[in-house]
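At position 6 of the sequence shown the residue is numbered 6 (our numbering), and the sequence of numbers has no breaks.
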Amino acid sequence: MSKLDEPASAFPRMTILIADDHWVVRESLRQVARSLGADGDVEEAASFDEALSALERNPTISLVIIDLVMPGFRDFEGLQVLRSRFPAVPVVVISVHEDPEHVLEAIRHGVVGYIPKSYGPSEIRLALSRVMAGEVAFPRDILTRALGTAPGGERRPAARDVAPAPRDERGDIQSALAHLTRRETEVLAALGQGVSLQAISAELDISRQTVRVHLGNAMKKLNIATREAAIRFAVENTAPLRRALEIDKTSGGD
């Protein structure tokens with residue numbers, strides 16, 4: 001299975017803004033978007049100011065692909081500005097940074113995708129196909145590194161990558177997870193490891209629509225409003241989700 005799993009297939013009409021100070025990167029991303037059959041316009045920006053101007057000028061922009069390192073864009077401060085001024089527009093980061101810290105911090109700022117620049121055309125195509133179809137796309141290999149590996153092959157969060165919940169909140173999180181069904185917990189746990197909805201569907205042997213239903217039910221129970229927030233919750237609570245599955249397995253839950 002690829003780092004980004006399989007591509008989604010149906011794309012709604014959208015206008016994409018590609019923001020990067022290197023024209024070669026912008027042109028490459030434009031070609032990938034076109035190859036996916038994106039039925040809409042593609043705008044470009046070579047600086048953060050140009051990107052903001054394009055968003056203010058064109059309300060039809062429905063996806064932003066932006067580099068973390070470009071003139072006027074100060075990493076996560078820039079993401080915060082984008083998410084606060086244009087909260088309805090999904091943001092995908094394309095970056096030279098391939099460490100878990102950058103990926104996790106981008107997720108915490110509500111992005112729907114993170115694409116390392118070292119990825120080849122096929123992997124970039126897979127990632128864009130997923131976000132254009134309304135899913136999320138995060139590098140599963142990097143998220144796996146963020147979780148670390150315990151003796152015997154069991155994954156566990158690395159302290160430097162995933163901050164544990166404050167001691168007085170851990171009980172509340174575990175209590176909240178107790179209201180989820182096993183399937184809902186499995187879906188959240190998989191999302192936290194960067195697995196796509198299509199791959200979750202295959203792994204659990206259920207339809208993608210059923211995966212969406214389980215995710216939606218979990219979000220309602222946890223009072224989570226957006227899928228981006230659900231991803232962030234899943235990444236930051238990997239250990240509690242795993243414990244919830246172990247408890248359910250021990251108790252013989254379905």
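Virtual Cβ for every residue (Gly too), placed ideally from N, Cα, C.
Assigned with DSSP and collapsed to three states, Asp67 falls in strand. One Cα belongs to Pro90, the other to Gln174, and the distance between them is close to 30 Å. Cα atoms of Val187 and Gly216: separation of roughly 10 Å, rounded to the nearest angstrom.
Per DSSP, the continuous beta strand (DSSP E) segment holding Ala19 begins and ends at Thr15 to Ala19.
Each residue's CA atom was taken as its position, placing Asp41 and Gln31 some 12 Å apart. Ser129 is classed as buried because its beta carbon has at least 16 other beta carbons within 10 Å across all chains shown. Bounds of the alpha helix (DSSP H) holding Val25 are Trp23 to Ser35. Contact check for Ala51 against Leu17 passes: the beta carbons are separated by less than 8 Å. Note on Gly120: under 16 other CB atoms within 10 angstroms of its CB, so exposed under the neighbour-count rule.
Distance from the Cα of Glu236 is smallest, within the candidate group Trp23, Arg13, Ile107 and Met132, for Ile107.
Shown here for Ser62: same chain residues with a beta carbon closer than 7 Å to its own, the five before and five after excluded, namely Met14, Thr15 and Val89 in chain order.
For Ala46, the CB contacts under 7 Å within the same chain, skipping 5 residues up- and downstream, are Asp21 in chain order. Pairing Val69 with Gln80, the inter-Cα distance amounts to about 14 Å. With a contact defined as Cβ atoms closer than 8 Å, Glu228 and Val112 qualify at about 6 Å. Proximity to Gly110 across Ala33, Ala137, Arg125 and Glu44 peaks at Ala137, based on C-alpha coordinates. A direct Cα-to-Cα measurement between Gly134 and Val92 gives close to 12 Å.
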